[in-house]
Amino acid sequence: MDPQFNWPTDLSSQENAMMSTFNFFAASGGGLGPIGPPQSGPSSTAGAVGMQNTPITMPPLQSLSLTPTTSQPPTTMSMSTLMTQTSMSQVPAQMAMIPSVPMEFACPRRPNVGAEGRQIVLRANHFQLHVPRGFIHHYDISIQPDKCPRRVNRDIIETMVQGYSHSIFNGQKPVFDGKKNLYTRDALPIGKEKRELEVTLPGEGKDRVFQVAIKWMAKVSLYDLKEALEGARPMPPECLLALDVVMRHLPSMTYTPVGRSFFSSPDGYYHPLGGGREVWFGFHQSVRPSQWKMMLNIDVSATAFYKAQPVIEFMCEVLDVRDVNVDQKRPLIDSQRVKFTKEIKGLKIEITHCGQMKRKYRVCNVTRRPAQHQTFPLQLENGQTVECTVAKYFLDKYKIRLRFPHLPCLQVGQEHKHTYLPLEVCNIVAGQRCIKKLTDTQTSTMIKATARSAPDREREINTLVRKADFNNDPYAQEFGIQINNTMTEIRGRVLPPPKIQYGGRQAIPNQGVWDMRGKQFHTGVEVRVWAIACFAPQKMCREDALRYVQCRFILR
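Numbering of the sequence shown is given in full-length UniProt numbering, commencing with residue 1 and proceeding in unit increments.
#1: DSSP on residue 163, reduced to helix/strand/coil?
#2: CA-CA distance, residue 155 and residue 199?
#3: Under 8 Å, do residue 450 and residue 273 count as touching if we go by C-beta distance?
#4: Are there 16 or more other CB atoms within 10 angstroms of the CB of residue 424, so buried, or fewer, so exposed?
#5: Here's the rule I'm using: 16 or more other beta-carbon atoms within 10 Å means buried, otherwise exposed. How should residue 542 be labelled?
#6: Do the CB positions of residue 344 and residue 429 come within less than 8 Å of each other?
#7: State buried or exposed for residue 297, treating a residue as buried only when at least 16 other CB atoms are found within 10 Å of its CB.
#8: Check whether the Cβ atoms of residue 201 and residue 212 sit closer than 8 Å, and answer yes or no.
#9: Any idea what DSSP makes of residue 534, helix, strand or coil?
#10: Sorted by chain position, which residues of the same chain lie with C-beta nearer than 6 Å to residue 358's C-beta, five sequence neighbours on each side aside?
#11: Where does the unbroken alpha helix (DSSP H) through residue 387 begin, and where does it stop?
#12: Give, in chain order, every unbroken run of the beta strand (DSSP E) that is at least 3 residues long and sits entirely within the region 265-332.
#13: Ignoring anything shorter than 3 residues, give me the beta strand (DSSP E) runs that lie fully in the region 137-208, in order along the chain.
#14: Please name the residue or residues paired with residue 348 in a DSSP beta bridge.
#15: Which partner residues does residue 514 have in the DSSP bridge list?
#16: Kindly indicate which residue of 547, 384, 454 and 525 has the alpha-carbon position closest to the one of residue 534.
#17: Can you tell me which of 121, 153 and 191 puts its alpha carbon nearest to the alpha carbon of residue 138?
#18: Using DSSP with H/G/I as helix, E/B as strand and the rest coil, what is residue 466?
#19: Does DSSP put residue 398 in a helix, in a strand, or in coil?
#20: Consult DSSP for residue 40 and reduce its assignment to one of helix, strand or coil.
#21: Under 8 Å, with one C-beta from each stretch per pair, do the region 491-506 and the region 521-530 reach the 3-pair mark?
#22: Could you tell me the distance, in whole angstroms, from the CA atom of residue 194 to the CA atom of residue 370?
#23: Relative to the C-alpha of residue 471, which candidate in 127, 443, 260 and 282 has its C-alpha closest?
#24: Reducing DSSP to helix, strand and coil, say where residue 247 ends up.
#25: Relative to the C-alpha of residue 286, which residue among 310, 400, 341 and 243 is closest?
#26: Am I right that residue 558 and residue 238 are in contact with their C-beta atoms under 8 Å? What's the rounded C-beta distance?
#27: Tell me, please, whether the region 295-309 touches the region 115-134 by the rule of three or more beta-carbon pairs shorter than 8 Å.
#28: Classify residue 461 as buried or exposed, calling it buried when 16 or more other Cβ atoms lie within 10 Å of its own Cβ.
#29: To the nearest angstrom, how far is the alpha carbon of residue 324 from that of residue 336?
#30: Rounded C-beta distance between residue 175 and residue 258? I'm assuming under 8 Å.
#31: If distances are taken between C-alpha atoms only, which option among 188, 256, 117 and 545 comes closest to residue 536?
#32: Under the DSSP definition of a beta bridge, which residues are partnered with residue 234?
#33: Within 10 angstroms of the Cβ of residue 113, are there 16 or more other Cβ atoms? Answer buried if so, exposed if not.
#34: Establish whether the CB of residue 153 and some CB of chain D are separated by less than 8 Å.
#35: From which residue to which residue does the beta strand (DSSP E) around residue 124 run?
#36: Look at the Cβ atom of residue 426, then the Cβ atom of residue 305, and state whether they are nearer than 8 Å.
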C-alpha cells in the first residue's frame with residue numbers, strides 16, 4: 001500500500017505542485033521499515049517463548065504547509081532543495097491562510113515472507129483474546145482525601161461498588177485502574193453529571209471516610225478495535241487501555257502488583273538473597289494487538305522483596321550477625337547503625353505488643369542512643385511533662401522488660417512527633433518490594449535463581465495460565481472476554497549456521513555453540529601497551545615479585 005496524504009483542495013497550483021513533490025519524496029524514500037497495520041500472509045520470523053511481539057503503530061504525521069517563492073512549480077527536486085528555495089520570511093503569513101489538515105499514513109506491504117532455512121513451528125507466550133463487539137463506558141474517579149496508594153484506592157472503590165450495588169451500579173462489576181479510570185459494561189444511571197458518593201473504610205481504631213466523585217467521560221467503541229485489527233483504521237489506544245484494565249483488575253486485588261507484573265509470597269520455595277531480602281516470583285501480563293487479533297502476553301518475572309520477619313532478625317542479616325544474644329551484647333557502633341539505618345529507613349513495620357491490633361508505621365530513622373537511654377517527652381495524667389526512657393515506658397505501660405535494651409530504637413511516623421519503638425516489638429511488613437540496588441552477590445544469586453531454559457519457561461507460563469483461570473474471571477466474564485488457554489503457534493525458520501574462519505581451519509557452530517579450545521584467531525593483533533594492577537596488600541605481593549612476573553612471563 002502506498003503512502004497516502006490528504007491535502008486541502010483549495011490550494012493554489014504552486015502549492016499543489018509543491019505538495020505533490022513532498023508526496024513523491026515521502027513515498028520514495030525515508031528508509032521506512034515494515035511498521036504500521038499488520039498485513040496478511042504467513043510470518044517468516046517468530047518470537048520464541050518469552051519474547052514479546054508488539055506491532056508498532058505510527059502516529060499521524062503533522063500537517064505541513066509551505067509556500068514556494070518561485071513562479072515555476074517544483075517537479076522532482078529533493079525536499080532539502082525545496083526548503084532552500086522557500087522564503088522563510090513569507091511562511092508565517094502564508095501558513096495562517098492554509099487550513100491545517102492531518103495526514104494519514106500507511107506503510108507499504110512487506111515484499112516477501114522469506115524462503116531460507118528449515119521451517120519449524122514456534123510457540124509464543126501470547127494467548128488469544130476473544131473480544132465481543134459493543135461499547136465500554138469510561139468514568140473518571142476522584143477520591144478525597146487524595147494521595148492514597150493504589151491498594152487503598154482499590155479498597156475504596158470495591159467498598160463503594162458493594163455499598164451502591166443496586167442504586168448506582170445495578171449489579172454490574174466495574175473495573176478500576178487504581179487511580180482515575182473506571183469502566184463499566186453498561187452506562188450507569190447518573191447521566192453525564194458528576195455524582196459524589198460517601199465511602200467509609202473500617203480503620204485501626206476509627207473508621208476513615210472518603211468522598212468519591214464519579215463522572216462519565218466517554219464511550220469506548222470495540223467496533224473501532226475490530227476495524228483497526230482489520231487494517232481499516234489506526235489502533236485506538238482507549239480500547240487497549242480499557243481491555244488492559246479489565247484483565248488486570250482481579251490480579252491487582254489478589255496479588256502484589258509491581259509495574260505491569262504481579263507477585264505472591266513464596267509458597268513451597270525459598271530463595272534468600274541475604275541482607276533481609278528474598279526472591280519473589282510472579283508473572284507479567286499485558287494486552288497487545290497482533291495480526292488480526294488481540295493477544296494477552298504472559299511471562300514469568302521475578303524481583304527482590306524484603307523478607308517478613310522480626311526487625312531483630314532483619315538487623316542481624318544486614319549486619320551479618322549470627323546470634324544477637326552472643327555476637328551483639330554491646331550497643332551498635334556508628335558504622336553498624338549507619339548501615340542498618342540505610343537499609344530499614346522507609347520500610348513499613350508492624351507492632352506486636354498491642355495484642356491483635358497490628359498497627360503499621362513507616363520508619364523514618366534509627367536512634368543514636370539505645371532504648372535504655374533514649375528519652376521522649378511523656379505527658380502525665382496531671383498535665384505535667386517529664387522525660388522518660390523508652391525501656392522504662394514499656395516496662396510501666398505494657399509490663400514488658402526489654403531483652404535488648406542496649407540496642408537502638410526505630411523512629412516511626414513523622415520525625416517531630418518523637419515516636420520511638422524498640423526493635424524487638426517490631427516486624428517487617430510483608431510484600432514490600434526492594435527498590436534499592438542489590439549487591440553483586442545478591443545480583444549473582446538472583447540470576448542463578450531465575451535462570452530458566454525455554455522448555456522450563458514454557459511449562460511455568462502454562463502453569464501460570466492454568467492457575468489464573470482467566471475464563472472464570474468474573475470481571476472478564478462481565479465484559480464478555482474469553483481467553484484461549486494454549487500458546488499461539490506461529491511458523492519460523494531455522495537459518496543455516498555461518499562458518500567461522502579460524503587460523504588455518506573452519507568451524508560450523510552446533511546448536512549456536514562453538515569451541516575455541518585449541519584454535520587460533522584468523523588475524524591476530526599485537527598488544528603494544530599493557531599494564532598490571534595489583535590490589536593485594538603490599539605485604540602479600542612485593543614489588544620484586546611483580547618484576548619477576550614481568551620479566552619471566554611477559555617480556556620473554
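Each residue gets a CB set at the ideal place from its N, CA and C atoms; glycine is no exception.
Predicted, not measured: the structure shown is a model, and the values here were computed from it.
According to the structure shown:
#1: helix
#2: 10 Å
#3: no
#4: buried
#5: exposed
#6: no
#7: buried
#8: no
#9: coil
#10: 350
#11: Looking at the DSSP string, residue 387 is not in any alpha helix (DSSP H); the run it does join, the beta strand (DSSP E), is 385-389.
#12: 272-274, 277-290 and 293-306
#13: 181-184 and 195-201
#14: 362
#15: BP columns for residue 514 are empty, so no partner.
#16: 547
#17: 191
#18: helix
#19: helix
#20: Confidence in residue 40 is poor, its pLDDT being 40 and thus under 50, which makes the residue's placement too unreliable to answer from.
#21: yes
#22: 55 Å
#23: 127
#24: helix
#25: 243
#26: In the structure displayed, the chain extends from 1 to 556; residue 558 sits before or after that span and is not available.
#27: yes
#28: buried
#29: 13 Å
#30: Their Cβ separation, rounded to whole angstroms, is 19 Å, which puts residue 175 and residue 258 out of contact at 8 Å.
#31: 545
#32: BP columns for residue 234 are empty, so no partner.
#33: exposed
#34: In the structure shown, chain D cannot be found, because there is only a single protein chain.
#35: 118-124
#36: no
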